[in-house]
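In what follows, a single structure is set out as structure tokens and then discussed.
Protein chains in written order, with my numbering: chain A, 1 to 392; chain B, 1 to 352.
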């Protein structure tokens, strides 16, 4: 019998390619002979655009690199400029950054969980995940005025202090959230079909992971304990003690488990940060400041630590002398790197982004080869790729 | 009823032979009407029930509480442009939805909705029903092949392999009921389960489970919805279909959902017989004659219990992979259904 390979074009408008990824697969029946990932449909020239804008103009665009977790790239760029221009950040602002980043991590992981299960054919987990994500988005909207493209961080801190009652809403969320994750685990983790689809599929060995530059939860699921928050701490992460979960298997199921653990860990981290934030809740801080009124820098209520920025920078006068810096931020998808080179004007000479999704996309053909057609969706879903981040 | 019907013709002073000719057609008209109404209702039920399970409201804009949503959808589908892809095989492309649709419709005539209320009271109704309903897979295959689309083709191939491998355990578990009842007539099978203790689900509980699982596979529903896996094959065999042709696929799928659930109710859950032991209406004078209403009510409630179970499964489970699907059928379900048949046969031989 004569058989021939079927060349099938998955994407760029396929329901489960999470945006505009295009995969060209050679199929032998249900088996994949070869697969090639074609990217670039969402290329906006983020790096080149930086060169014709001053630092302040470029900052809001940075959120758009990864639309599901905008805070991380924003933080990365802010840290870079702050290092170059030698701008100090008050502690309260750093704590706010930590809380918002971790909330953002949970929101991003929730959407990942929902869409992974949707790719596997289970529809209802998506709605449960979106319910919790909605709560986070409401909290963040209350703080920043935006649901996705926050533009909340500025050079030298954050744009404004939190509104009254915001910290309490975050605390409420953190108290209710672990029970919700337990619910997901009940629904998903032990499900025999889910386990059969995920276990032993798309195994990333530690060697492959290091060769391809995989970072984030995908790397930790392969047994390598690397987390930028722990290994090269930025902000106030070094003040906190938190677990970095790792898993030995490196398959899709391990990646699923790691991300669930990360959600719980982020929740704990937020709770710790809430209890330790300098100045405490905004409504109480106002009263304490009025009663204190000493304006001494070491005061616990009106001192430096309780400010959200020391001095706002001017877009025209923020001229950074010729120098370069690279900053790392552990985003929800992995290590997000930002390289900034300044040339003495108020515009950057060069900005370079290294995004974790890009490395994960390279790995996709390696993982899919020899597997079944349906495995593509399990692997693609478990890698947690966001296409605007791949193409930038 | 027959005499009453002929009397109408007498009163209207119409020739009697018209009545004699049209009498056998009436059940089929009734069944066709039932099917269309049932599908309209089932689609709404599924959307509302899934919404309930996934903390949403479901359709609530058209009519009171979204009651006319499916009617609006049907009207929209009727008026949509009927697109045939340029390189498609036009004849097969047009005919495929019909091939898919007509066996499901034909099968409606074989289900006893109440005692002797069955359009075709065939002595081998069960086998006839399974045989006719497996024709519809030809419709899927021709739809997938004729659309000249790779996704459709893959979906059709999956559908065929799935239908063939799940047909065997399905028939074998249905056979266990035949062994227990000693007949293939669905009406007599239902008659054999007068009280709740005689339901065939108790001696053949494995058969019931296998039949339910295979029904899910035959209906292409979660977790066996590989032929139309949205995240993998876009929409499978009906990717290229639009307008009324798509509506026919849709109609047939939901009609099949109802008929298979009714079959499960008839085979394992006593069919139209009351679980209370006797019919309430038969104790009340004057309404004894309409006891079939109560019988139809019991069949419907059992059927809808099964339908809701199937919808619940859809909301809970992810989808199997193609190879897992095959090995599950051939390596697990088939031996198990043989075992069940053997067990039931021994039970029948020794206990009676």
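All C-beta atoms in this analysis are idealised placements derived from N, C-alpha and C, irrespective of residue type, glycine included.
Got a sec? Which residues, its chain only, sit under 7 Å from residue i by beta carbon, not counting five neighbours each side?
i, result
"residue 115 of chain B", "272, 292, 295"
"residue 276 of chain B", "none"
"residue 244 of chain B", "77, 78, 82"
"residue 63 of chain A", "70, 73, 74, 149, 150, 151"
"residue 23 of chain B", "2, 5"
The beta strand (DSSP E) that contains residue i, what's its start and end?
i, result
"residue 354 of chain A", "348-354"
"residue 331 of chain A", "323-331"
"residue 342 of chain A", "334-342"
"residue 8 of chain A", "6-10"
In chain order, what residues of the same chain have a beta carbon less than 6 Å from the beta carbon of residue i, not counting five sequence neighbours either side?
i, result
"residue 68 of chain B", "62"
"residue 76 of chain A", "327, 329, 336, 338"
"residue 213 of chain A", "359"
"residue 323 of chain A", "84, 342"
"residue 206 of chain B", "340"
"residue 394 of chain A", "The structure shown does not extend to residue 394 of chain A, since chain A is modelled only from 1 through 392, so no value can be given for it."
"residue 361 of chain B", "Residue 361 of chain B is absent from the structure shown; chain B starts at 1 and stops at 352."
"residue 255 of chain B", "35, 39, 104"
Consider the Cβ of residue i: report whether some Cβ of chain A lies at a distance smaller than 9 Å.
i, result
"residue 82 of chain B", "no"
"residue 311 of chain B", "no"
"residue 47 of chain B", "no"
"residue 223 of chain B", "yes"
"residue 55 of chain B", "yes"
"residue 151 of chain B", "yes"
"residue 232 of chain B", "yes"
"residue 229 of chain B", "yes"
"residue 314 of chain B", "yes"
"residue 308 of chain B", "no"
"residue 226 of chain B", "yes"
Can you list the residues of chain B that residue i reaches, using a CB-CB cut of under 8 Å?
i, result
"residue 113 of chain A", "Here the premise fails: no neighbours, minimum Cβ distance about 12 Å."
"residue 46 of chain A", "Those within 8 Å of residue 46 of chain A in chain B number zero; the least Cβ separation is about 29 Å."
Checking contacts by CB at 9 Å: is residue i closer than that to chain B?
i, result
"residue 126 of chain A", "yes"
"residue 8 of chain A", "yes"
"residue 107 of chain A", "no"
"residue 211 of chain A", "no"
"residue 43 of chain A", "no"
"residue 364 of chain A", "no"
Starting from residue i, find everything on chain A with Cβ-Cβ shorter than 8 Å and list it in chain order.
i, result
"residue 323 of chain B", "30, 372"
"residue 317 of chain B", "121, 122, 191, 193"
Go through its chain and collect everything with a Cβ distance to residue i's Cβ below 8 Å, but skip five positions before and after it.
i, result
"residue 315 of chain A", "54, 55, 56, 57, 346"
"residue 393 of chain A", "No answer is possible for residue 393 of chain A: it lies beyond the span of chain A, which begins at 1 and ends at 392."
"residue 293 of chain A", "302"
"residue 389 of chain A", "65, 66, 333, 355, 356, 357, 358"
"residue 111 of chain A", "68, 129, 130, 133"
"residue 40 of chain A", "391"
From what residue to what residue does the alpha helix (DSSP H) around residue i run?
i, result
"residue 283 of chain B", "No alpha helix (DSSP H) contains residue 283 of chain B, which DSSP labels as neither H nor E."
"residue 2 of chain A", "Here residue 2 of chain A belongs to no alpha helix (DSSP H), and DSSP marks it neither H nor E."
"residue 271 of chain A", "252-276"
"residue 260 of chain B", "243-268"
"residue 289 of chain A", "282-292"
"residue 153 of chain B", "150-181"
"residue 196 of chain A", "192-198"
"residue 298 of chain B", "291-316"
"residue 149 of chain A", "Premise fails: residue 149 of chain A is in no alpha helix (DSSP H) and is neither H nor E."
"residue 231 of chain A", "228-231"
"residue 391 of chain A", "387-391"
"residue 326 of chain B", "322-327"
"residue 201 of chain A", "No alpha helix (DSSP H) contains residue 201 of chain A, which DSSP labels as neither H nor E."
"residue 338 of chain B", "334-350"
"residue 375 of chain A", "373-383"
"residue 169 of chain A", "166-188"
"residue 139 of chain B", "136-146"
"residue 11 of chain B", "2-11"
"residue 114 of chain B", "That residue, residue 114 of chain B, is in no alpha helix (DSSP H); it is neither H nor E in DSSP."
Using a cut-off of 7 Å between C-beta atoms, extract the partners of residue i located in chain B.
i, result
"residue 229 of chain A", "The contacting residues do not exist; residue 229 of chain A stays about 32 Å from chain B at best."
"residue 196 of chain A", "324"
"residue 14 of chain A", "234"
Could you tell me which chain B residues have their CB closer than 9 Å to the CB of residue i, listed as they occur along the chain?
i, result
"residue 131 of chain A", "55"
"residue 232 of chain A", "Result: empty, since nearest Cβ-Cβ is about 37 Å, beyond 9 Å."
"residue 117 of chain A", "318"
Length at least 3, wholly inside the stretch 21-106 of chain A: the beta strand (DSSP E) runs in chain order: 22-28, 31-38
With a floor of 4 residues, list each alpha helix (DSSP H) that falls wholly inside the stretch 18-89 of chain B, ordered by position along the chain. 25-53, 69-79
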